[in-house]
Amino acid sequence: MRRLSSLILAALAVPALLRGQAQPTIAEHLALGDSAHAALAPQQALGHYRAVLAVDSLNYEALWKAGRELVDIAKQIEGKDDSSKHLRDSLYMQAQAMGEAAVRVNPKGADGHFTVGQSLGRLSRTKGGKDRVRFAKIIYDEGMQAITLDSMHDGAYHLMGAWHAEVKRLSGIEKFFAKTFFGGGFLDKGNWDDAQKYLQRAVALKPQNIFHRLELGEVYVDLGKYSKAREQFAAIDTLPIGDVLDHEYKQEAKQILEDIKGEKDET
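Residue numbers for the sequence shown follow numbering that gives the first Met the number 0, beginning at 0 and rising by one.
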């Protein structure tokens, strides 16, 4: 009984002790946020980065990393109902705002530009043709700027490879809209060679990244390069989980691999 009373008193004393402790420093919050990110806990990571911004609203690292976590939270929202769409889009737009704030603080930082492009790239995939076309130039400009500033930024190469692939996948009506309202010539930049080149570079820079390989494999399928696609999808099965959607990406790769079984390369 005495031991139980001691444990209860000790437990009650913990909050008081914690209140008496010094709050984590900016560096500590950043480190804790990075650890939570590595543990695939974006909500927790976001909390730490926001704690930094509450003290230093112009902290470049906290800004773009907060945007990264917002993207990770948003992309897990799968519902197609209005409330799910609104929440997901709102989070992507918050991520975009974080990226834009990071760019204002440090225009020469590649991660800020990438955050803007990534958030809009994800947002455009949930939108119809008009919005996808409207976002296209911003995504292109931000992705290319990120590569210019950091030639080793695998995420930026992925963003640009996906951009070229998405442009090539636009329907005739969507392309007509682009030419009518945006001058036409810009989307002519989209081509399959660059889609392959940029995604291949992303894979080369970070071969353990499942999403890089998945999207490269999908481009190969678009082009009838089934042998190369199978190489990418088969490799995915052996890779460790490193992203909040990697379990889904692995299942998607397995499904496509099954779908293209027996397909021969197109000449």
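Ideal Cβ positions, reconstructed from N, Cα and C, are used throughout, including at glycine.
Contact between the segment 97 to 107 and the segment 71 to 83 is not established, with fewer than three Cβ pairs separated by less than 8 Å. Residue nearest to Gln195 within the set Ala177, Gly223 and Ile172 is Gly223 (criterion: CA-CA distance).
In the DSSP annotation of this structure, the continuous segment of the alpha helix (DSSP H) that includes Val202 starts and ends at Trp191 to Leu204. With fewer than three CB-CB distances shorter than 8 Å, the segment 200 to 210 does not count as touching the segment 166 to 180. In the three-state reduction of the DSSP assignment, Val51 falls in the helix class.
Where Ala96 is concerned, the enclosing alpha helix (DSSP H) starts and stops at Asp81 to Val104.
Under the three-pair Cβ rule at 8 Å, the segment 118 to 134 does not count as touching the segment 143 to 152.
A contact between stretches requires three or more CB pairs, one per stretch, nearer than 8 Å, and the segment 81 to 89 fails this requirement with the segment 35 to 54. Around the beta carbon of His36, 16 or more other beta carbons lie within 10 angstroms, which makes this residue buried.
Rounded to the nearest whole angstrom, the C-alpha separation of Gln144 and Ile138 is 10 Å. For Ser170, the secondary structure class from DSSP, reduced to helix, strand or coil, is coil.
The beta-carbon separation of Lys227 and Asp153, rounded to 19 Å, does not stay under the 8 Å limit for a contact. At the C-beta level, Lys260 and Phe185 stay beyond 7 Å of one another. In this model, Ile25 and Ala44 are separated by some 13 Å (Cα to Cα). For the options Lys188, Trp191, Asp192 and Gln231, the alpha carbon positioned closest to that of Ala203 is the one of Gln231. Within the model, the alpha-carbon separation for Ala234 versus Leu256 is close to 11 Å.
For Trp191, the CB contacts under 8 Å within the same chain, skipping 5 residues up- and downstream, are His163, Ala164, Lys167, Val218, Asp221 and Leu222 in chain order.
DSSP places Gly261 outside both helix and strand once states are collapsed to three, so it counts as coil. For the set Val54, Thr237, Ser123 and Val243, the Cα lying nearest the Cα of Leu158 is the one of Ser123.
Per DSSP, reduced to three states, the secondary structure at Pro23 is coil, with no helix or strand assignment.
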